[in-house]
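Structure, as structure tokens:
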Amino acid sequence: MTDPRTVSFTQMKDGTQQDYALLEELEKPFLGMTADRVLDELQRAGEATLEGYKITRLEHGLQSATRAERDGADIDWVVGALLHDIGDGLAPQNHDRMSAEVIRPFVRWDVAWVVEHHGIFQMFYYGHHYGWDRNAREQFKDHPCYDSCAAFCERWDQSSFDPDYDSKTLEHFEPMVREVFGRKAYDPDVLREGHVSVLTGSDTL
1 MTDPRTVSFT QMKDGTQQDY ALLEELEKPF LGMTADRVLD ELQRAGEATL EGYKITRLEH
61 GLQSATRAER DGADIDWVVG ALLHDIGDGL APQNHDRMSA EVIRPFVRWD VAWVVEHHGI
121 FQMFYYGHHY GWDRNAREQF KDHPCYDSCA AFCERWDQSS FDPDYDSKTL EHFEPMVREV
181 FGRKAYDPDV LREGHVSVLT GSDTL
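Next comes the structure, spelled out in structure tokens:
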């Protein structure tokens, strides 16, 4: 006997409208727990040191977010700063892009763009030590988010490796994470495609 809570197909092309209505219904609780999974991943980052650094991955995110909040940044920027390296655990070679995809459905487009590109912008501070082009970010010099990404890296990312910095706790940022991931995914009113916001508020540059 077929379980009424299980689809009828073994190949997706054979699925019925009823099957996909069932899957949509069953997926809702999972989608609703996205913030929990993000917070769990941050907790795991607290158990993994950044090899050679003085702090954990979690502490780096907390420092970045704390600096953003103290700069007067809005919730999208603060959560972006908190989660800008969340992809590091599974995708260390392209963590910036993975991190951006985690937040992209729920934050302004410019915040997602900055998180997606912060890796190449961050190379400005160390790339020359490896024989890389530290100015590789100049390929984006005409992009409207160039200045935002440069400032994000200067003020909140490259500066946040200090074991003595008085970061706020993950519990402090948890309500912000839940608010952002509680938004309707890909809501145009949230994404505001083409709008460029300053890092210290939501006004246009």
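Residue 17 in full-length UniProt numbering sits at position 17 of the sequence shown; the count goes up by one each step and never skips.
Just so you know, even glycine gets a beta-carbon here, dropped at the ideal spot from N, CA and C.
Please classify His172 as buried or exposed, where buried requires at least 16 other C-beta atoms within 10 Å of its C-beta.
As a first step, residue 172 is located in the sequence shown; it is residue number 172 there, counting from the start. That one is exposed.
Would the segment 144-157 count as touching the segment 108-127 if we require 3 or more Cβ pairs under 8 Å?
yes
Return helix, strand or coil for Ser197, following the three-state DSSP convention.
As a first step, residue 197 is located in the sequence shown; it is residue number 197 there, counting from the start. Note: Ser197 maps to strand in three-state DSSP.
Look at the alpha carbon of Phe9 and the alpha carbon of Leu42, and state the distance between them as a whole number of angstroms.
As a first step, residue 9 must be located in the sequence shown, where it is residue number 9. As a first step, residue 42 must be located in the sequence shown, where it is residue number 42. Going from the Cα of Phe9 to the Cα of Leu42 covers about 37 Å.
Shortest alpha-carbon distance to Thr169 belongs to which of Leu82, Met98, Arg104, Ser197?
Counting from one through the sequence shown, the residue named residue 169 turns up at place 169. When only C-alpha atoms are compared, the closest one is Leu82.
According to the neighbour-count rule (16 or more other Cβ atoms, all chains shown, within 10 Å of its Cβ), is Glu51 buried or exposed?
Counted from its first residue, the sequence shown places residue 51 at position 51. Exposed, because fewer than 16 other Cβ atoms sit within 10 Å of the Cβ of Glu51.
Member of Asp36, Glu101, Trp77, Asp74 whose CA lies at the smallest distance from the CA of Gly87
Along the sequence shown, one-based indexing puts residue 87 at 87. The shortest C-alpha separation from Gly87 is found at Glu101.
Cutoff 7 Å; reference Ser160; Cβ partners in own chain excluding five residues on either side:
If you number the sequence shown from 1, residue 160 lands on position 160. His60, Gln63, Ser64, Arg67.
Taking DSSP as the reference, what is the three-state secondary structure of Thr34?
Mapped onto the sequence shown, residue 34 falls at position 34. Helix at Thr34.
Cβ atoms of His95 and Thr118: under 7 Å apart, would you say?
As a first step, residue 118 must be located in the sequence shown, where it is residue number 118. As a first step, residue 95 must be located in the sequence shown, where it is residue number 95. The question names Thr, but residue 118 is His in the sequence shown. It is not a contact, given that the beta carbons lie outside the stated cut-off.
Between Leu205 and the rest of its own chain, which residues show a CB-CB distance below 6 Å, the 5 nearest in sequence each way excluded?
Taking the sequence shown and counting its residues from 1, one reaches residue 205 at position 205. Residue placement at Leu205 cannot be trusted, given a pLDDT of 36 that sits under 50; the coordinates are not used to answer.
Contact under 7 Å by Cβ, Asp71 with Thr200:
Here residue 71 refers to the residue found at position 71 when the sequence shown is read from its first residue. Here residue 200 refers to the residue found at position 200 when the sequence shown is read from its first residue. Contact: yes.
Neighbour-count burial assignment, Leu191, 16 or more Cβ in a 10 Å radius:
Counting from 1 along the sequence shown, the entry for residue 191 is found at position 191. Buried is the call here.
Rounded separation between Ala91 and Ala21 - CA only
As a working note, residue 91 is residue 91 in the sequence shown. As a working note, residue 21 is residue 21 in the sequence shown. In a straight line, the C-alpha of Ala91 is about 33 Å away from that of Ala21.
Would you identify the three-state DSSP class for Thr66, choosing helix, strand or coil?
As a working mapping, residue 66 is identified with position 66 in the sequence shown. Thr66 falls in the helix class under three-state DSSP.
Roughly how many angstroms separate the alpha carbons of Ala112 and Arg104, rounded to a whole number?
Against the sequence shown, residue 112 aligns to sequence position 112. Against the sequence shown, residue 104 aligns to sequence position 104. Distance between the alpha carbons of Ala112 and Arg104: 5 Å.
Leaving out five residues on either side along the sequence, give the residues of the same chain with a beta carbon under 7 Å from the beta carbon of Met176.
The count along the sequence shown starts at 1 and reaches residue 176 at position 176. Cβ neighbours of Met176 beyond the five flanking positions: Ile75, Val78, Val79.
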